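Trainee:
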Amino acid sequence: MTDSSPDLLALVRRGAAPSAASLRDRGEEWRVAEQALAAEIQANPRAAARLVRTFARLAQTSGEAEPRGRAARLSGSHLAYLGRYAESARRFARAAALLTGVARDHARLGLAVAWARSGRPADAAKQCRAIRRSAIRRGDAVLAASADLNAGLAIHEHGRPGDAIPLYRRARAAFAVAGHAGYAAVAAQNEANALVLCDRYEEAEPLYAEASEALRSAGAAHEAARVRYNRGALLVALDRLGDAERELADSERDLSAAGDSQLAALARLDRGEALLRSGLVPQASRVLDSAANSLGRAAPANEVFRARWLRARAAIARDDPESARRILGSGGPIAWKADCDEMRGLALAAEGRHGPASRLLERAAEGYGGSRPSARARALCAAGWCALQLGDLSRARRHARTAGRIAARLGVASLSCGADELLFLVEDAAGRRREAGAAL
Numbered sequence: 077m078t079d080s081s082p083d084l085l086a087l088v089r090r091g092a093a094p095s096a097a098s099l100r101d102r103g104e105e106w107r108v109a110e111q112a113l114a115a116e117i118q119a120n121p122r123a124a125a126r127l128v129r130t131f132a133r134l135a136q137t138s139g140e141a142e143p144r145g146r147a148a149r150l151s152g153s154h155l156a157y158l159g160r161y162a163e164s165a166r167r168f169a170r171a172a173a174l175l176t177g178v179a180r181d182h183a184r185l186g187l188a189v190a191w192a193r194s195g196r197p198a199d200a201a202k203q204c205r206a207i208r209r210s211a212i213r214r215g216d217a218v219l220a221a222s223a224d225l226n227a228g229l230a231i232h233e234h235g236r237p238g239d240a241i242p243l244y245r246r247a248r249a250a251f252a253v254a255g256h257a258g259y260a261a262v263a264a265q266n267e268a269n270a271l272v273l274c275d276r277y278e279e280a281e282p283l284y285a286e287a288s289e290a291l292r293s294a295g296a297a298h299e300a301a302r303v304r305y306n307r308g309a310l311l312v313a314l315d316r317l318g319d320a321e322r323e324l325a326d327s328e329r330d331l332s333a334a335g336d337s338q339l340a341a342l343a344r345l346d347r348g349e350a351l352l353r354s355g356l357v358p359q360a361s362r363v364l365d366s367a368a369n370s371l372g373r374a375a376p377a378n379e380v381f382r383a384r385w386l387r388a389r390a391a392i393a394r395d396d397p398e399s400a401r402r403i404l405g406s407g408g409p410i411a412w413k414a415d416c417d418e419m420r421g422l423a424l425a426a427e428g429r430h431g432p433a434s435r436l437l438e439r440a441a442e443g444y445g446g447s448r449p450s451a452r453a454r455a456l457c458a459a460g461w462c463a464l465q466l467g468d469l470s471r472a473r474r475h476a477r478t479a480g481r482i483a484a485r486l487g488v489a490s491l492s493c494g495a496d497e498l499l500f501l502v503e504d505a506a507g508r509r510r511e512a513g514a515a516l
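In this text, residue positions in the sequence shown follow this note's numbering: the first is 77, and each later residue adds one.
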């Protein structure tokens with residue numbers, strides 16, 4: 077290459093078609109161009125599509141293995157941002173076959189992420205552990221932190237968010253020490269997501285604030301929209317439903333504009349849950365149906381099932397247990413066993429079959445255990461209501477009080493109200509007017 081030759085990134089932006097000879101021996105330029113385009117993918121995946129294609133065409137023209145590997149890796153990242161994880165995995169596997177050394181490990185890390193998102197979490201976690209060992213031997217703290225981050229993601233996606241938290245925390249600390257504020261923000265966001273699933277809401281909120289500020293400062297608009305989506309999900313859990321609906325609607329708009337249709341559909345799904353919990357059942361049903369139809373085939377299995385579960389819950393709210401059972405089908409991932417028990421119990425309760433409903437709901441509460449206390453309180457309230465219909469006031473009272481203690485600890489208003497209402501009904505049925513009045 078002569079001094080007058082345009083740099084590679086300029087050629088990509090112009091959509092140029094140079095000769096193979098002029099593209100050879102530009103090793104460092106390929107790396108710089110790949111990094112610049114990766115940042116553009118984060119900012120706006122849809123707008124970056126043309127540049128990704130041009131980069132791939134120039135890499136193929138060069139005939140060299142490294143540029144073709146970098147192009148495959150960049151394409152894998154782009155497809156992952158669009159939620160097309162199965163295609164992304166194929167590109168990352170191609171990149172790993174073409175690249176060597178650190179670049180190969182980064183491609184393998186992308187492959188692990190794609191596996192985690194496309195239903196292969198065990199393979200993803202195993203791959204991340206191997207990459208971390210390789211990075212530590214090499215003294216590469218940032219790559220080791222990336223392996224922790226993505227191992228956490230794989231475990232998280234497999235329904236074990238509590239086990240992912242220490243990995244996210246270790247990754248966040250390592251990124252911060254290395255001065256990678258953007259990566260630290262991503263780790264903080266993932267840690268917050270896992271904390272929310274464990275009902276550790278107070279710990280999650282400052283992490284979202286930290287991540288949002290860091291990404292906004294870095295000009296990563298698309299990533300900032302992802303944080304807003306996750307903050308909206310937290311607001312749903314906290315029963316701040318009006319705030320949640322607005323935050324999720326805004327994040328859905330921004331994610332759609334960035335071409336992230338998969339996450340936009342998930343934002344719509346959470347918005348449907350907010351509407352459902354607000355009692356706006358017809359609107360919620362429409363939004364949930366739309367979200368379920370918008371989820372692509374590459375969507376994570378747990379999110380696909382969550383859409384079914386919420387639509388079944390909306391059918392229960394419409395007093396249509398038969399539709400709820402049809403939507404729920406034969407069940408879902410093992411991590412959702414307790415949720416399936418709860419939904420089937422609610423369907424039986426809606427039909428007046430309170431005995432079997434109570435048993436299923438109690439089993440669901442036991443399945444939720446201490447890892448999902450808000451869901452446990454919800455199932456106990458439903459089981460207590462069934463016990464009340466059966467005249468078993470002692471059991472109904474016990475469930476109401478347990479649910480009330482959980483709700484008070486979490487500070488979630490709807491759970492507290494549900495537990496107090498159940499306790500009022502129990503004490504009123506027992507003729508204990510003073511206790512009924514206190515609960516009311």
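Here a beta-carbon is modelled for each residue, glycine too, at the ideal position from N, C-alpha and C. Since this is a predicted model, take the numbers as computed values, not measurements.
What is the rounded straight-line gap between the Cα of GLY258 and the Cα of LEU345?
Mentor: Position 182 of the sequence shown, counted from the start, is the residue given in the question as residue 258. Position 269 of the sequence shown, counted from the start, is the residue given in the question as residue 345. C-alpha separation (whole angstroms): 27 Å.
Trainee: Give the list of continuous alpha helix (DSSP H) stretches no shorter than 4 residues that lie fully inside the segment 254 to 336.
Mentor: List check, alpha helix (DSSP H) in window: 257 to 273, 277 to 293, 297 to 313, 317 to 333.
Trainee: Grab me the residues of PHE500's own chain with a C-beta within less than 7 Å of its C-beta, minus the 5 sequence neighbours each way, in chain order.
Mentor: Counting from 1 along the sequence shown, the entry for residue 500 is found at position 424. Excluding positions up to five away in sequence, the list reads ALA512, ALA515, LEU516.
Trainee: Nearest to TRP191 by alpha carbon, out of PRO242, PRO358, LEU174, ALA375?
Mentor: If you number the sequence shown from 1, residue 191 lands on position 115. Nearest option by C-alpha distance: ALA375.
Trainee: Is the distance from the Cβ of CYS457 to the Cβ of GLY487 below 8 Å?
Mentor: For this step, residue 457 is matched to residue 381 along the sequence shown. For this step, residue 487 is matched to residue 411 along the sequence shown. No, the Cβ-Cβ distance between CYS457 and GLY487 is not below 8 Å.
Trainee: Report, in whole angstroms, the separation of the C-beta atoms of GLY186 and GLY152, which I expect to be a contact under 8 Å.
Mentor: Start at 1 with the first residue of the sequence shown, and residue 186 comes out as number 110. Start at 1 with the first residue of the sequence shown, and residue 152 comes out as number 76. GLY186 to GLY152, Cβ: 5 Å. Contact.
Trainee: Using only the alpha-carbon positions, how far apart do SER138 and TYR161 sit?
Mentor: Reading the sequence shown from its first residue, position 62 is the one you call residue 138. Reading the sequence shown from its first residue, position 85 is the one you call residue 161. Rounded to the nearest angstrom, the two C-alpha atoms are 27 Å apart.
Trainee: Just how far apart, CA to CA, sit LEU225 and VAL218?
Mentor: Counting from 1 along the sequence shown, the entry for residue 225 is found at position 149. Counting from 1 along the sequence shown, the entry for residue 218 is found at position 142. Roughly 10 Å separates the two Cα atoms.
Trainee: What number of angstroms, rounded off, separates the C-alpha of ALA141 from the C-alpha of ALA172?
Mentor: Here residue 141 is taken as the residue at index 65 of the sequence shown, counted from 1. Here residue 172 is taken as the residue at index 96 of the sequence shown, counted from 1. Distance between the alpha carbons of ALA141 and ALA172: 11 Å.
Trainee: Using CA atoms only, rank isn't needed, just tell me which of TRP412, SER366, GLY372 is closest to TRP385.
Mentor: Against the sequence shown, residue 385 aligns to sequence position 309. Of the listed residues, the one whose Cα sits closest to TRP385 is TRP412.
Trainee: Please report the straight-line C-alpha distance between ARG180 and LEU174, rounded to a whole angstrom.
Mentor: The residue labelled residue 180 in the question sits at position 104 within the sequence shown. The residue labelled residue 174 in the question sits at position 98 within the sequence shown. Whole-angstrom Cα-Cα distance: 8 Å.
Trainee: Helix, strand or coil for ASP504 per DSSP?
Mentor: Position 428 of the sequence shown, counted from the start, is the residue given in the question as residue 504. Correct three-state label for ASP504: helix.
Trainee: Output the distance between the C-alpha atoms of PRO143 and ARG236, rounded to the nearest integer angstrom.
Mentor: The residue labelled residue 143 in the question sits at position 67 within the sequence shown. The residue labelled residue 236 in the question sits at position 160 within the sequence shown. Their Cα atoms are separated by approximately 38 Å.
Trainee: Pull up the distance between the alpha-carbon of GLY507 and that of ARG304, whole angstroms please.
Mentor: For this step, residue 507 is matched to residue 431 along the sequence shown. For this step, residue 304 is matched to residue 228 along the sequence shown. Taking the straight line joining both Cα atoms gives about 49 Å.
Trainee: Rounded to the nearest angstrom, what separates ALA400 and ALA423 at their Cα positions?
Mentor: By 1-based counting over the sequence shown, the position of residue 400 is 324. By 1-based counting over the sequence shown, the position of residue 423 is 347. Distance between the alpha carbons of ALA400 and ALA423: 7 Å.
Trainee: Helix or strand or just coil, what does DSSP make of ARG473?
Mentor: Taking the first residue of the sequence shown as 1, we reach residue 473 at position 397. If DSSP states are grouped into helix, strand and coil, ARG473 belongs with the helices.
Trainee: Are the Cβ atoms of ARG167 and LEU155 separated by less than 8 Å?
Mentor: Within the sequence shown, residue 167 is the residue found at index 91, counting from 1. Within the sequence shown, residue 155 is the residue found at index 79, counting from 1. In this structure, LEU155 lies closer than 8 Å to ARG167 by Cβ.
Trainee: Quick check on GLU427: buried or exposed, where buried means 16 or more other Cβ atoms within 10 Å of its Cβ?
Mentor: Locating residue 427 in the sequence shown gives position 351, where the first residue counts as 1. Exposed, by the Cβ-count rule.
Trainee: How many angstroms separate the CA atom of GLN265 from the CA atom of ARG387?
Mentor: Here residue 265 refers to the residue found at position 189 when the sequence shown is read from its first residue. Here residue 387 refers to the residue found at position 311 when the sequence shown is read from its first residue. GLN265 and ARG387: Cα-Cα distance of roughly 27 Å.
Trainee: As a quick exercise: from LEU464, THR478, GLY431, pick the residue whose alpha carbon is nearest that of ALA441.
Mentor: Within the sequence shown, residue 441 is the residue found at index 365, counting from 1. The shortest Cα separation from ALA441 among LEU464, THR478, GLY431 belongs to THR478.
Trainee: Note the first and the last residue of the continuous alpha helix (DSSP H) segment covering ALA459.
Mentor: If you number the sequence shown from 1, residue 459 lands on position 383. Taken as a continuous stretch (DSSP letters only), the alpha helix (DSSP H) holding ALA459 covers 449 to 465.
Trainee: Among residues of its own chain, excluding the 5 on either side of ASP275, which ones have a beta-carbon nearer than 7 Å to its beta-carbon?
Mentor: Along the sequence shown, read from residue 1 onward, the residue named residue 275 stands at position 199. ARG448, PRO449, SER450, LEU486.
Trainee: Could you tell me the distance, in whole angstroms, from the CA atom of GLY460 to the CA atom of ASP315?
Mentor: Translated into positions along the sequence shown, residue 460 becomes position 384. Translated into positions along the sequence shown, residue 315 becomes position 239. Distance between the alpha carbons of GLY460 and ASP315 is about 22 Å.
Trainee: For ARG394, which of helix, strand or coil comes out of DSSP?
Mentor: Here residue 394 refers to the residue found at position 318 of the sequence shown. Looking at ARG394 - three-state DSSP - the assignment turns out to be coil, as it is neither helix nor strand.
Trainee: With a CB to CB cut of under 6 Å and the five nearest residues on each side skipped, what residues in its chain are close to SER28?
Mentor: With the chain running from 77 to 516 in the structure shown, residue 28 is simply not present.
Trainee: Could you check where the alpha helix (DSSP H) with SER151 kicks off and where it finishes?
Mentor: Taking the sequence shown and counting its residues from 1, one reaches residue 151 at position 75. Counting along the chain, the alpha helix (DSSP H) containing SER151 begins and ends at 141 to 157.
Trainee: How would you call SER470, buried or exposed, if buried means at least 16 neighbouring beta carbons within 10 angstroms?
Mentor: What you label residue 470 is simply residue 394 of the sequence shown in a count that begins at 1. So SER470 ends up on the exposed side.
Trainee: Judging by CA-CA distance, which residue of VAL189, ARG126, GLN118, ARG439 is the nearest neighbour of ARG89?
Mentor: Looking up residue 89 in the sequence shown gives position 13. Nearest C-alpha to ARG89: ARG126.
Trainee: Any idea what DSSP makes of ASN120, helix, strand or coil?
Mentor: Stepping through the sequence shown from its first residue, residue 120 is reached at position 44. Looking at ASN120 - three-state DSSP - the assignment turns out to be coil, as it is neither helix nor strand.
Trainee: Express the C-alpha separation of ALA220 and ASN378 in angstroms, rounding to a whole number.
Mentor: Within the sequence shown, residue 378 is the residue found at index 302, counting from 1. Within the sequence shown, residue 220 is the residue found at index 144, counting from 1. Answer to the nearest angstrom: the Cα atoms are 27 Å apart.
Trainee: Out of ASP216, SER95, ALA123, GLY308, which has the shortest C-alpha to C-alpha gap to ALA350?
Mentor: Looking up residue 350 in the sequence shown gives position 274. ALA350 has its Cα closest to that of GLY308, out of ASP216, SER95, ALA123, GLY308.
Trainee: Got a sec, what are the start and stop residues for the alpha helix (DSSP H) LEU20 sits in?
Mentor: Residue 20 falls outside the range modelled here, since the chain spans only 77 to 516, and no answer is possible.
Trainee: If you count every other CB in all the chains shown that lies within 10 Å of the CB of GLU398, and 16 or more means buried, which is it?
Mentor: The residue labelled residue 398 in the question sits at position 322 within the sequence shown. Counting Cβ neighbours within 10 Å, GLU398 comes out exposed, since fewer than 16 surround it.
Trainee: Straight-line CA distance for ALA472 to GLY372?
Mentor: Walking along the sequence shown from the start, residue 472 turns up at place 396. Walking along the sequence shown from the start, residue 372 turns up at place 296. Taking the straight line from one Cα to the other gives about 42 Å.
Trainee: Comparing the C-beta of ALA156 with each C-beta of chain E, is any distance below 8 Å?
Mentor: Going by chain labels, chain E is absent from the structure shown, which holds only one protein chain.
Trainee: How should ASN369 be labelled, buried or exposed, when 16 other C-beta atoms within 10 angstroms of its C-beta is the threshold for buried?
Mentor: Locating residue 369 in the sequence shown gives position 293, counting from the first residue. So ASN369 counts as exposed.
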